[in-house]
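Undergrad: Going by this note's numbering, the sequence shown runs without a break in its numbering and finishes at 1224. Backbone N, C-alpha and C define an ideal beta-carbon position, used for all residues, glycine too. Note that the coordinates shown come from a computational prediction; the quantities given were computed from them, not determined experimentally.
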Amino acid sequence: MTAGVSVVFLLVMTALGGLGAVPWNARQMMVMYSFIWVAFTIGAIPSGRLLRQHLEAERRQPGSEAPTVPTRHVVFMVMTVSLMLLLAYALAT
1132 MTAGVSVVFL LVMTALGGLG AVPWNARQMM VMYSFIWVAF TIGAIPSGRL
1182 LRQHLEAERR QPGSEAPTVP TRHVVFMVMT VSLMLLLAYA LAT
């Protein structure tokens, strides 16, 4: 499901860039998309074990108590995505 949503998101971003609905062209939108994807991947590294435990608990019993994600992991994800967005913007302009 994640791969399908990712492809749809990519197509929407490039279509918006191609149509001129946003101030960037399709190539710049592709750069931003790829940088965001890498940022989410890097940002998810510290939370990988917790995410797998959460998905396993949900698979076994929907609505069960899942482990909480520490604040430092959330801050790391937000900082990674923010930094990569700034880098993508600098590269795309």
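(1) Helix, strand or coil, according to DSSP, for Ile1167 in the structure here?
(2) Using a Cβ-Cβ cutoff of less than 7 angstroms, which residues in the same chain neighbour Pro1177 once the five nearest sequence positions on both sides are dropped?
(3) Whole angstroms is fine: what's the gap from Gly1174's alpha carbon to Tyr1220's?
(4) The alpha helix (DSSP H) that contains Ser1213, what's its start and end?
(5) Out of Glu1196, Leu1142, Ile1167, Leu1217, point me to the one whose CA is closest to Leu1181's CA.
TA: On the basis of the coordinates in this document:
(1) DSSP places Ile1167 in helix when its eight states are reduced to three.
(2) Contacts found: His1204, Phe1207.
(3) Each residue's Cα considered, the two are about 19 angstroms apart.
(4) In this chain, the alpha helix (DSSP H) harbouring Ser1213 covers 1202-1223.
(5) Checked all of Glu1196, Leu1142, Ile1167, Leu1217; the closest Cα to Leu1181 is Glu1196.
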